[in-house]
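Just so you know, this note's numbering puts 29 at position 29 of the sequence shown, and the rest follows in order with no gaps. Note that CB positions come from ideal geometry on N, CA and C, so glycine has one too. Note that the coordinates shown come from a computational prediction; the quantities given were computed from them, not determined experimentally.
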Amino acid sequence: MDFNFSAEDEAFREEFRSWLHANLPKGKAEDAGDSMREDVSEASPDEWKRRVEWHKKMHAGGWVGISWPKEYGGRGATLTQQIIYNQELAKVDSPVLVNGLGIMLAGPTIIHWGTEEQKKRHVPKILSAEELWCQGYSEPDAGSDVASLKTRAIEEGDYFIVNGQKVWTSDAHHADMCLLLVRTDPEAPKHKGISYILVDMHSPGVTVRPLVQITGDANFNEVFFEDVKVPKKNLIGEKNQGWQVAITTLMFERSGIGGGRDLMAQVKELVELAKTIRGNGHTAWEDTSVRQKLGGFACEAAALRYTGFRQLTRRLKGLPPGPEGSVLKLCNSELNVRMNKFAMEMLGPYSQMEFKAPYALDKGKWSYRMLASRALTIAGGTSEIQHNIIGERVLGLPKG
């Protein structure tokens, strides 16, 4: 296979690289520019402001949702240019955009399933971050088995009346809109009676309660819906057929979590850490077993990069992300955990120091990453669920 990019794509790379060089914020964030931490943490007011300003600058430059259709505010870039875009952002460790779930999930799902009115109403605002989005799937008794959800939506005139609870809802405390799964036919089989609706998070009856994580952050939330009125025009797809739409969103999510980050950059950080840590008169890097371990991580990260190209091939054929995204999501999140764990082993006693603690190596970011990394093995479907999907839908194995 030829993995070289075309002259047109390389020209796109140079254009974006030049724009980043001219516009990237000069100072590092309070978290040392650690974009991996920004993905799963709750930003301080100053940090959130910094990210909003960066999002607006990116949007003004035409660098948000670049592969989306031009008629909805996108750039109309090719999928290969999207890959280049992600590569260049990773190289400069840019701030994370404030509407990650809107861009990764809401926009692509609405473009794929929404009416023309829904696309024109929401997609441009997702790009500009005028509408921040969250995803209402998991419930206290419906985590990995999302289809067993109990949140109800009853028709009343031109509205659905929604009652129920969602949990682990990332960014709900910032969100203006929510992709919500509700049960509209309690008598139907659990996968058949679900509808997919868009809910205004500022509606009367919506309550958001933050959940504090082991890192001390509170980016996940509980969300309660009490007699919330949702216009029927906010239904995506057909009533009682929302599971199909939900699967599309999950495929975008798993591809985004698994394929959106090149872990080779993290391998390089581990190499630098190994060259910094000293013990028994030499650095960790001088230990053959350490170099072998890091070499193994590099091989896995490279394999994931090329596996992502398989998913790219599917998208280039005009198809939505498929179950192959589960391979990326599973392997990427598990490799991330193992690399952070190895960092803890190299750090030894220093691993006990919290983020930004005095005398902590690398400002203590590795201990934070270790605590935070488990979240990505749960978000978007747990590792156990991904194993089932790969076995059944990719390998064609019989159900146990």
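Report yes if the CB atom of residue i is closer than 8 Å to the CB atom of residue j, and no otherwise.
{"i": "L105", "j": "H174", "result": "no"}
{"i": "V404", "j": "L127", "result": "Missing from the structure shown is residue 404; the chain here goes from 1 to 400 and no further."}
{"i": "E300", "j": "L328", "result": "no"}
{"i": "K330", "j": "H387", "result": "The question names Lys, but residue 330 in the sequence shown is Leu. Yes."}
{"i": "N340", "j": "R369", "result": "yes"}
{"i": "K119", "j": "Y85", "result": "no"}
{"i": "G262", "j": "I161", "result": "The amino acid occupying residue 262 in the given sequence is Asp; Gly does not appear at that position. Cβ distance not < 8 Å, so D262 and I161 don't count as in contact."}
{"i": "S67", "j": "G74", "result": "yes"}
{"i": "F3", "j": "Q81", "result": "no"}
{"i": "R183", "j": "K232", "result": "no"}
{"i": "N240", "j": "G193", "result": "yes"}
{"i": "T377", "j": "V337", "result": "yes"}
{"i": "G98", "j": "A77", "result": "The question names Gly, but residue 98 is Val in the sequence shown. It is not a contact, given that the beta carbons lie outside the stated cut-off."}
{"i": "K229", "j": "S195", "result": "no"}
{"i": "L181", "j": "G136", "result": "yes"}
{"i": "I214", "j": "L371", "result": "yes"}
{"i": "G107", "j": "V123", "result": "yes"}
{"i": "S367", "j": "E354", "result": "yes"}
{"i": "L198", "j": "N234", "result": "yes"}
Who are the near neighbours of residue i in its chain, counting only those whose CB is closer than 6 Å to its CB and skipping five residues on each side?
{"i": "S148", "result": "A142 and K190"}
{"i": "W54", "result": "P95"}
{"i": "P323", "result": "I389, R393 and V394"}
{"i": "A172", "result": "C134, V208, N221 and V223"}
{"i": "K415", "result": "Absent from the model: residue 415. The displayed extent of the chain is 1 to 400, so no value can be given."}
{"i": "A153", "result": "F160, V162, V182 and T184"}
{"i": "S373", "result": "N336, V337 and N340"}
{"i": "V267", "result": "F297, A298 and A301"}
{"i": "T276", "result": "none"}
{"i": "G381", "result": "none"}
Please state whether DSSP places residue i in a helix, a strand or coil.
{"i": "G33", "result": "Low confidence applies here, because G33 scores a pLDDT of 38, under 50, leaving its location unreliable and the question unanswered by this model."}
{"i": "D9", "result": "helix"}
{"i": "E354", "result": "coil"}
{"i": "K363", "result": "helix"}
{"i": "W63", "result": "coil"}
{"i": "L24", "result": "coil"}
{"i": "N332", "result": "helix"}
{"i": "P349", "result": "helix"}
{"i": "P108", "result": "helix"}
{"i": "V290", "result": "helix"}
{"i": "V52", "result": "helix"}
{"i": "V337", "result": "helix"}
{"i": "L319", "result": "coil"}
{"i": "K70", "result": "helix"}
{"i": "T382", "result": "coil"}
{"i": "G308", "result": "helix"}
{"i": "K57", "result": "helix"}
{"i": "F3", "result": "coil"}
{"i": "L376", "result": "helix"}
{"i": "L397", "result": "coil"}
{"i": "S44", "result": "coil"}
Please report the Cβ distance between residue i and residue j, rounded to the nearest whole angstrom; I am assuming they are in contact, meaning their Cβ atoms lie under 8 Å.
{"i": "L89", "j": "L312", "result": "Actually they do not touch by this definition, with Cβ atoms about 17 Å apart."}
{"i": "V223", "j": "V206", "result": "7 Å"}
{"i": "V208", "j": "N221", "result": "5 Å"}
{"i": "D200", "j": "M177", "result": "6 Å"}
Ignore the nearest five residues each way along the sequence and tell me which others in residue i's own chain have a CB closer than 8 Å to its CB.
{"i": "K57", "result": "N23"}
{"i": "T109", "result": "L179, I236, V245, T248, T249 and F252"}
{"i": "S138", "result": "V146, K166, V167, W168 and T169"}
{"i": "R17", "result": "E88"}
{"i": "E272", "result": "none"}
{"i": "M264", "result": "A298, A301, A302 and R305"}
{"i": "L397", "result": "G391"}
{"i": "L20", "result": "E88, L89, V92 and S94"}
{"i": "F5", "result": "R13, T80 and I84"}
Near residue i, which residues of its chain fall below 7 Å by C-beta distance, leaving aside the five closest residues on each side in sequence?
{"i": "A274", "result": "T283, A284, W285, V290, L294 and M346"}
{"i": "K125", "result": "E131"}
{"i": "D9", "result": "T80, Q81 and I84"}
{"i": "P140", "result": "Q165 and V167"}
For a test of your reading of the model: does the CB of residue i fall under 7 Å from any non-hydrogen atom of the ligand FAD? Yes or no.
{"i": "A90", "result": "For the ligand FAD, the structure offers nothing, since it holds no ligand at all."}
Please list the segments of the beta strand (DSSP E) lying wholly inside the region 196-265, counting only runs of 3 or more residues, in order along the chain.
-> Restricted to the region 196-265, the beta strand (DSSP E) segments that are unbroken, complete and at least 3 residues in length are 206-211 and 220-231, listed in chain order.
Report the residue ranges of all alpha helix (DSSP H) runs contained in full by the region 263-288; include only those spanning at least 4 residues, in chain order.
-> If we require 4 residues or more, the alpha helix (DSSP H) runs fully inside the region 263-288 come out as 264-276.
Could you give the uninterrupted runs of the beta strand (DSSP E) lying entirely in the region 113-193, keeping only those of 3 residues or more?
-> Fully enclosed beta strand (DSSP E) runs of no fewer than 3 residues occupy 133-136, 152-156, 159-166 and 177-183 of the region 113-193, in order along the chain.
Residue ranges of each alpha helix (DSSP H) run of no fewer than 4 residues wholly in the region 70-98, ordered along the chain?
-> Complete alpha helix (DSSP H) runs here, min 4: 79-92.
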